[in-house]
Structures are given as structure tokens and as C-alpha cells.
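Chains as they are written, first to last, in the working numbering: chain A, 10 to 312; chain B, -1 to 603.
Here's the structure, in C-alpha cells; my notes come after.
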Amino acid sequence: MTAPTLGAATAAVPPRRRSTSWTAARRVVLRKPGRVIGLGILVFFALMAILGPYLYPGQLAVDPESIYAPPSGAHWLGTDFAGSDVLQEIVVGARYVLLTASLSALFTAVVGTGVGLVAGYHRGLADSVLMRATDFILTIPAFPLLIVLSTVWSFANPLEMSLVLGLTGWGGVARAVRSQTLSLRERGFLEAARGLGLPTRHIIVKELLPNIAPYVAMQLLLSVIGFIGAEVGLFFLGVVPFSSSNWGVMLNQAVFAGGAMNSPEALGYLLAPLVCILLLTLGVVLFLDAVDELFNPRLRERS
Amino acid sequence: MKRLTQLSAPVAALALLGALSACSSGSRTASGGGVYTTIDAKNPITAGAPMNPFNASGTAFIGYNTMQLGFDKKNALDPNDFFPGLAKSWTSTPTALTVELQPDAKWSDGSPVTADDIKTSMAVALTQGKAASGTALLTQGLDVAAVKSTGPHTVEIDQVAGAHNIGFTRLVLTQFIVPTKVYGSLLPADIWDTIAASQSQDPADADAAKAAVDKLNAAGQKISAFAPKSDVSAGPFVLTRVNPGSAVLDKNKYFYGAAKIAPKQVVVRHYTGNEQIWGYMTNGELDSAPYTSIPSNVLTQIQRAGYQRVDTVSYVDAAIAFNESVAPYDNRAVRQALAHVIDRQTVTKVGEPVGGTASPATTGLIQSAAKQLLTPEQLAALDPYTHDLAKATSLLEGAGFRKSGGKWMLPDGKPWTITLQTVNGFSDWIAASTVIANELSSFGIPTKPAVTADFATYQKEMADGKYPVGWWLTALGPDPSAAYQRLYGTSDGYTAVGAKVSHASGKDSGNWVNTPTSYTVDGTALDPGALTAKLSTMAPADQKPIVQQLARATNQELPMIQIWDYTNVQFTSPKHFTNFPRQGQDALLVNPPGVWMMQGYVQAK
């Protein structure tokens, strides 16, 4: 009886709600210039990742006559140790870096949130089993594991890399979500939901999840930064098969083959990927402020 | 080259040859001769590693605290031209070598170096055939049958009956000499009986010979792992302290030529890669540096820091090697096609711009040696495998490969991808790999470079056959026998004791090249391993016909693709010391600075 009624009400609301949500989101983002800049940076890099390989199809051109050429009209960011265009490497390399980090973060958010919600809501045996599994994941030293795995796995596909990063990264999210769930499940609205006999899936998805969504959303964005650092670090260490169109490999080549720490000529090659990583981090941090307010009505009311 | 980072590939090559061009440098002056700071080309400092020259990571430095009877001058015209070491002089006969030891040679504990020490050292060397990575080349053909004391300071070292190894003198003189009091107890009491049994060429004794070889190998492993409590050196320095970042060697007051040794102390710095060595030099911290792969931009900074560049010939070539037990690299047309795709000029300009010259053709020799050993007509007849994509396409299509969607497919229709193996820290190999991967990928063979953690692991895994395609150092010389042993020696499953040549393949055989045992060249069948073994028994003047056959065969079959010949670029700093060897003094410069010092070079300012 209740369900059709709710469904009908919901069906009537969507256009207004969507419009309201978009308006609220736009208002929240536009309220502070930093948020606009953050969003702009994220959109810029997202477009770079999507369109980059189409802008520069084919292999990198090698030109041994213009090794470490300074920035020019032909090479906006100069050239690398092989005379290849640094801008092209940055643009083409963005897809792997961002796709890997995004997929890893998504994997972490989905698995961590799912495990935390189920464990926190059900408690008992499910909680014990899931939390022991979480403890096990938390004890795995992720980065050393990646180095070991890289001896048997080529990580040629972003999905492979993100799977490993995500598999070792969801423990912290699961723990935090479980804590919040344990707290929420004692609140009145959840007791009412249970009293009404609503199915568990409905309670978890419709009642609990929206309440922890702000935390999950922020965690997702923050973990993007962490995963970029992890994958770039792995390539920087030079322990996985590489192509030169990868930000971590660029850092590795600049330091270990180009002598960027000993010679100013290779400095541009070193700085290009570093600045990109810094910009991405800045974009995420600035935009996080907007996400926080979007998901937190009290913040909206205060402002 | 790093990764090691580690070592540079050339450095490692020179290490393999036992002809390191290690360097030293001077730094803050202590009273007397001061402190000479350098790095060792053979390996970085490994904290906790034993002070044992037979250990792959041992803290032992040739020319400083590790001595030989002599030090090779790398004279292409006379393979037995040496600087004296613990041997004051020597005379060779076709069957033996008689050595007169330095009359004042003493160990750092004050006891004399005796004939018994030489005997022990030869026995230890004979246990090292497979015990330590990288030593196989040194002991190949070391057919020592007996060591006898023939006078107070003279020792006779006999060659196995029937053996006529032209490199016998060189091999004996370049073995590490260690004290009996430290290493003698590690050898089985019947070691010389075991050695004799292992050298038997009688087919009836084959099982006994194999058992003897196994026994020697077991002893060799024990010796490789041995950690002496303290360093007992007969060299100009003795190891006194090892830190994670450096090894400290003090002057050995008992060294027979101590008066010529200026530095009071030598500090050998640790490094994790080439870039760290560059940093030492741009900061002016080293008194000299051995060959290290350097990009042009860093070279400028090093010279600005006051270093003087000294170039000498390097009998080393960087090559791309194949494991022919893995398809499709067992197909000659495939190897030839890849040679046509790789633009060696471009790869060299990027990978080794300072110390490399693109190889004109693959012969198994560096170009300067090829010019000496082949006639102009033979040189002209070699296939240079120029950068020619049309020819590569034709070769692959002829071998049944087809292109689909811009990518080459194997004859069975499966995609063809290449992982080009290189070594962490070998910056030149890594940079060159990037270019080669780019060229091959552009041609339609998706290629990615992969790095191995360090050179010791690389050599081991290479020997285990784990890499279908990877970098390798070839053309080691100046003796062409050594150069071809790199191709058709132990790494190709060939071993030779005396006149007996045997071939093995499969697991644990050490054969990772896996060339056929017979090539047909100009209508004539030849066995490259047998010819290579034969080379080691011939005088230089008689080697040419066989070298010419092997060069022609290698050029046709391409078991490896030579990419560039190295130039041995070293650096010296006049800041703290003077009288370094100069350009043109190649015989000195191919040896480590400890040998320079023994000859009276490197004096305090």
C-alpha cells in the first residue's frame, strides 16, 4: 500500500527536484571562486584524458637533434631526452593516470561503502566476518605489494592497475562507514523504518546510504589524489613495464636518465608532470569544499 | 646506465672482463697523501656483504684490496701484455706458466705471499665456474692442472695435458689471489684430485667427471657465501670499515710497492644509479670516476665542475639479444626484420650520446676490432641492416606474418607483442629502450620496455631464460675469443675443457641464447660454438680465418643485434691529486685507479 503511494509521489516530483538540485549545485559551486577554479581544473584534466589520445594519434615522434629543446611554438613545453614533445606526452599520458585513479577510487568507494554498511547494519556474524576481512586488507602493505605484483603483472591496462590499487585500498573506507552506520542505526528514523517492516535493502540503500554519502563522496575524491600518487610512484620507481607517455615514467626518465637534478636542461621535463599532479590535487581540494556543502544541508543553511 | 642503479652497463661489462675502469677521486686531504674518493664500477656498496671477491655483491675492490698476479693492458696485438701485480715477472711455455712473485709481497697481517697462496687461489678459481654470477667468462678455459713451487718466490702453473689455450697466461694472471690462511680451509682436502677428475677427457670417466664438477660447484657456492672476519689484503689498501654509504680502505703498510702509493685512504662511495654518480661529480666529490653513462646535458655540468674527460677504447658493445627457444625469435627472418626496424643511429644519439657510436654492422666484434680482423672486402660484404621498414615488412611477410589493424600478427594469427627487458639504473639502456619501443610500436609491433631490479638479478634471470628479448653486452675483447664466447660460449650452452667442446640446452644448462649448433654460411655448415672454442687455442695471428667465418655467420644469423660500441669515457679531478693517466695511456686507463697508483700515478698535490 505504501510503496505505490511513495512511487506516485516520487514520480511527480522528479523534474522539480532535478532542477532544484542542479540549481543548488550551481549556486554552491559559484558561491566561491576557488570552487569554480577547482571544478575547472577537474573538467580540464577530464577532457584531456578523454580527448588526449585523439588529439595526438600514433606514436611519439623522436628527434635526436632537439633533445631537451626549450619551450617553443612547436613544442609548448619543450622536448624530452629523445626530442619528443613533452606536451604530447602529458596529454596522452593523462588518460592512463586519471582512468586508473578514478577506477581505483570508485572501486574503493563501492566496496568499502558496501562492506561498511552491511557490517554496521547487520552486526553479529556478518560484522565479525566482514571486519576481519577488512582488518586483513588493512594489514596488507599496499605499495610493497604493488612492487611485488609488478614482477608478474605488466599493468598494461589501467583496469589491472586500478583493480590492485582498489583491492588494497577499501579497508579504511569500510571501517569508517561501519562506524557511521553503527551510529545511524540507533537513530529514530531507522528504528521507524525497521518498525514499518521495510526491507533491509531499502533501509541500507534509501535510508543509510544518503546519510553517509557526503563522507563517501569526499573520500572518493581524496582517494583519487592518493591513487595518482601511488601509480605515479610505481612508475617513477621504474618497477613496471612502461611507455614514455606516462607521468610517472616521465618523472623517472627526467631524474634517472635526464639528470634533472644535476642539469637545468631537463628541468622542464621534470616539472611538467609534477605541475599536472599538483594542479590535479589543487583541483580536487578546491572542489571538495563544494562537495562538502552540497551534501551537508546545515552548511548550505549557514551560508 | 643505472639500475642498478645502479651500475652502468659498460661498467658491468668491464667488471665482467676483470678490466674495470674504476675510478677514484680525491677529497679532503689528510696528513700525508689524503683521502681518495671514488666509486667502484663493479658494484655499489652492499652493507653486510662479505669481504670476499668471489661473492657477487662482495666488498672487494680490484687494484685496491683485491690483487691479481697481473693486470691486463688490453693490448689487441699481444693478449698476454700485463702490468705486474703480485707477479714480478713470468714466462710462458705452450704447457705452463712460471711466475716469479714480488719478493716483498706480503699480506696486510705482515705474513708473506707464498706459492701455497697461489695454489689455493687457483683451486678456488676453479670452483667458481657456476658458483657466482658473472664469473663463467673468467674461468672459461682456465685449464689449470697443477701448481708447484719451484723456488723461494717462483711458482709453476701447469695447463691440462693436451690443452693449448692461448688465453691461459691471461686467465691465470687475472685470477684473484687470496690467502690460504683464510680460504684454504674451505676447500675439500682432495681438491686437486677432484679438479683432475673434472678435467678428464676420457669418455669412460664421464660420470666421474660430472660428479667432480658437481663437487667443485658445491665448494664454489660455499666459498662465494663465505664471510671473512676481517680483510687480509696483499694490495695497496686494506678494507677497514663498511658503511651503508661507503667503504673505507686504509693504506696497507705491508704492500710491496707502498712507497708509490700516495693516498692514505680510499673511500669508495655507494651509488644507487647513474644519476647519483652524476650528482657526486657535479658536486666535485669524486677524484676520479669510471665509465658511467651520461647524457650530454649532464656532461656539460660535470666539466663545469672541473673534471677532465679521458677517453679510451672500450671493447664492449650494447646489443639486443634474443632467446631463440622462444618463438618467433627462433626465426632468422624475424631477427633480421627487427634489425631493419631499429634505427641504431637514432637510438644511440638518445641512449648513449656521450660514450657510444652506432654499430655499423653486427659481427660480434666492436667496429675497430672488425676493421683489424676482417678484410675491406669482407667488411663491405656484411649486411648493415639499415633502417628500412619496407625490407622489414618483406621479411616478415615472407615468414608468414600478416598485418591486421596496423598491428603485426604472428603466423598463427595471434597478436605479437614484445617486452624489451632492461636493467634498473642503466639509464642508457632505458632511454634507448624507450626509443626502440617507440620504433617497433610505430611499425606495428606493440613493444614495452621492462626493467629488472639490478644487474645481478638480470644476469641470473637471463641465464634462466626468462627474457625472450633483452639487452646484453657483447664484443668483449680485445681477444676475439672472449668476444665470441659472449655469443657462442656458456650462455649458448657451450663449454670447453681442453680440446673437448660440449653443448647443452634446457633447464639449468645456462643456455639462454639457444642458437642452432650449426649455421650454413655461403653454403658451408659450421658450428659456432666449436669454432669459438677453437679460437681460444690459437695465436692471434692464426685467428683471422675463424674470426672471419664467425663474423660472417653472426652477421647473417643475428643471434643479437649490436646497437652501439661504447667509448670508455672516464673523468679525473685535479682538485686534490695530480699525475693522473692521460688520454692515450689506454693500458693504464682500462685498469682501476689502484693499478694507476701501483705504477706511480696519482700523487697528492
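For every residue, glycine included, the Cβ atom is placed at its ideal position computed from N, Cα and C.
Asked, Found
"Under the assumption that B/Leu84 contacts B/His151 (Cβ atoms under 8 angstroms), give the Cβ distance between them as a whole number of angstroms.", "Contact flag wrong, Cβ pair sits at about 10 angstroms."
"To the nearest angstrom, how far is the alpha carbon of B/Ala256 from that of A/Leu154?", "52 angstroms"
"Specify whether the stretch 54 to 69 of chain A and the stretch 211 to 220 of chain A touch according to this definition: at least 3 beta carbon pairs, one from each stretch, less than 8 angstroms apart.", "no"
"Rounded to a whole number of angstroms, what is the C-alpha to C-alpha distance between A/Leu191 and A/Gly197?", "13 angstroms"
"Using the C-alpha atoms, what's the distance from B/Pro447 back to A/Asn261?", "13 angstroms"
"To test your reading of the DSSP string, which unbroken alpha helix (DSSP H) runs of 4 or more residues are found completely within the stretch 138 to 210 of chain A?", "151 to 158, 167 to 176, 180 to 193 and 197 to 204"
"Taking the alpha-carbon of B/Lys412 as reference, which of B/Leu418, B/Asp506, B/Gly398 and B/Asp38 has the nearest alpha-carbon?", "B/Gly398"
"Between B/Pro293 and chain A, is any beta-carbon pair separated by less than 7 angstroms?", "yes"
"Measuring alpha carbon to alpha carbon, tell me which of B/Thr493, B/Ser425 and B/Ser571 ends up nearest B/Thr290.", "B/Ser425"
"Start and end of the beta strand (DSSP E) containing B/His385?", "Note, B/His385: premise wrong, no beta strand (DSSP E); not H, not E."
"At 4 residues or longer, and completely inside the stretch 458 to 505 of chain B: list those alpha helix (DSSP H) runs for me, N to C.", "478 to 486"
"Would A/Glu302 pass as an interface residue toward chain B - the criterion being a Cβ-Cβ separation below 7 angstroms?", "no"
"Evaluate contact between the stretch 529 to 542 of chain B and the stretch 293 to 312 of chain B, counting only Cβ atoms and requiring at least three cross-stretch pairs below 8 angstroms.", "no"
"If the cut is a Cβ gap below 8 angstroms, which residues of chain B does A/Leu69 touch?", "Asn436"
"Run through chain A and tell me which residues come within less than 9 angstroms of B/Glu273, C-beta to C-beta.", "Val264, Phe265, Ala266, Gly267, Gly268, Ala269, Met270 and Asn271"
"With a threshold of 7 angstroms between beta-carbons, can A/Glu274 be considered close to chain B, or not?", "yes"
"Which bits of chain A does B/Trp276 rub up against, with CB to CB less than 7 angstroms?", "Gly268 and Asn271"
"For chain A, find out if any of its Cβ atoms is closer than 7 angstroms to the Cβ of B/Cys21; answer yes or no.", "The pLDDT assigned to B/Cys21 is 34, lower than 50, so where the model puts this residue is not dependable; a value taken from the coordinates is nonetheless given after this. Not an interface residue."
"In whole angstroms, give me the CA-to-CA distance for A/Trp85 and A/Gly277.", "11 angstroms"
"If you compare alpha carbons, which of B/Gln370, B/Trp470 and B/Tyr456 is closest to B/Lys464?", "B/Tyr456"
"Below 8 angstroms on C-beta distance, what does B/Ser392 contact in chain A?", "The contacting residues do not exist; B/Ser392 stays about 22 angstroms from chain A at best."
"Classify B/Ile607 as helix, strand or coil using the three-state DSSP reduction.", "Residue 607 of chain B falls outside the range modelled here, since chain B spans only -1 to 603, and no answer is possible."
"Using DSSP with H/G/I as helix, E/B as strand and the rest coil, what is A/Trp85?", "coil"
"Do you know whose CA, among B/Ala206, B/Ala316, B/Pro234 and B/Ser231, lies nearest B/Ile561's CA?", "B/Ala316"
"In chain B, which residues lie with their C-beta within 8 angstroms of the C-beta of A/Ala165?", "Lys446"
"Mind listing which residues of the stretch 85 to 114 of chain A have their C-beta closer than 7 angstroms to chain B's C-betas, in chain order?", "Phe90 and Ala91"
"Does DSSP put B/Ser6 in a helix, in a strand, or in coil?", "Unreliable positioning characterises B/Ser6 in this predicted model, as indicated by a pLDDT of 46, which lies under 50. The coordinate reading is nonetheless provided below. DSSP places B/Ser6 in coil when its eight states are reduced to three."
"Evaluate B/Val614 with the Cβ neighbour count: other Cβ atoms within 10 Å of its Cβ, from every protein chain shown; 16 or more gives buried, anything less gives exposed.", "An answer regarding residue 614 of chain B cannot be provided, because it is not within the stretch -1 to 603 covered by chain B."
"State yes or no: is the beta carbon of A/Pro62 nearer than 7 angstroms to at least one beta carbon in chain B?", "no"
"Near B/Ala390, which residues of its chain fall below 6 angstroms by C-beta distance, leaving aside the five closest residues on each side in sequence?", "Ala335, His338 and Val339"
"To the nearest angstrom, how far is it from the Cα of B/Ala549 to the Cα of B/Leu214?", "35 angstroms"
"Would you call the stretch 105 to 117 of chain A in contact with the stretch 129 to 138 of chain A, where contact means no fewer than 3 C-beta pairs closer than 8 angstroms?", "no"
"If you draw a straight line from the alpha carbon of B/Gly353 to that of B/Ala94, how long is it in whole angstroms?", "39 angstroms"
"Based on Cα-Cα distance, which residue from B/Val170, B/Leu556 and B/Gly527 lies nearest to B/Ile544?", "B/Gly527"
"Which bits of chain B does A/Pro73 rub up against, with CB to CB less than 7 angstroms?", "Thr344, Lys347 and Val348"
"From the DSSP secondary-structure annotation, give me the bridge partner or partners of B/Ile559.", "B/Ile318"
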